[in-house]
Ligand SMILES: Nc1ncnc2c1ncn2[C@@H]1O[C@H](COP(=O)(O)OP(=O)(O)OP(=O)(O)O)[C@@H](O)[C@H]1O
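In the working numbering, the protein residues as written are 89 to 230.
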């Protein structure tokens, strides 16, 4: 049986400010194994700290990919009457809004929220003999 809770990590590219400051990426991901390694910049002798997740998405990943892997099966369950939650957690500027609300262009980076809405309403539009009630609320915790 699939796990009830899945935790994935997404790494965003360095932004303009970080690039100008000559910041270095201190993270390595092995996407196919959900592994994440954090290395201390400049330290050769210290082994990187290692973490394992249900999914690991590096800087080139798209929200489309993440939606299909993680959110799609969850929303399918919701349409069948199960509860589901997608929760974005991380420090300021790490990419929560980018993943959840997303951007229209490129369309591969459209967010999880608009994708879920489209998915739900498309499923409802083709469902037969079932009446759905959709209730929406929005909460951002600071
Ligand atoms: N995967 C990504 N690829 C490209 N740009 C990204 C990615 N993730 C985030 N960014 C960019 O990084 C910046 C910060 O991202 P975002 O606003 O989503 O962070 P946040 O976690 O929601 O921050 P806050 O908690 O302060 O609201 C934005 O300019 C966003 O476009």
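Quick reminder that beta carbons are idealized off the backbone N, C-alpha and C, glycines included.
- Nearest to residue 124 by C-alpha distance, out of 175, 96, 104 and 174, is 96.
- Membership of residue 125 in the beta strand (DSSP E) is indicated by the continuous run 123–126.
- Leaving aside the five residues that flank residue 163 on each side, the residues in its chain whose CB is nearer than 7 Å to its CB run, in chain order, 172, 204, 207 and 208.
- In terms of CA proximity to residue 105, 181 leads the group 158, 196 and 181.
- The straight-line gap separating the alpha-carbon atoms of residue 108 and residue 101 is approximately 13 Å.
- The three-state secondary structure of residue 140, taken from DSSP, is strand.
- If you check the C-beta of residue 139 against ligand 1, you find no heavy atom less than 8 Å away.
- In the DSSP assignment, residue 203 falls within the alpha helix (DSSP H) that extends over 200–214.
- Uninterrupted alpha helix (DSSP H) stretches at least 4 residues long and entirely within the region 110–194 occur at 151–154, 160–167 and 184–188, given in chain order.
- In this structure, DSSP gives residue 98 an extended state, which the three-state scheme calls strand.
- For residue 106, the uninterrupted alpha helix (DSSP H) segment begins and ends at 104–108.
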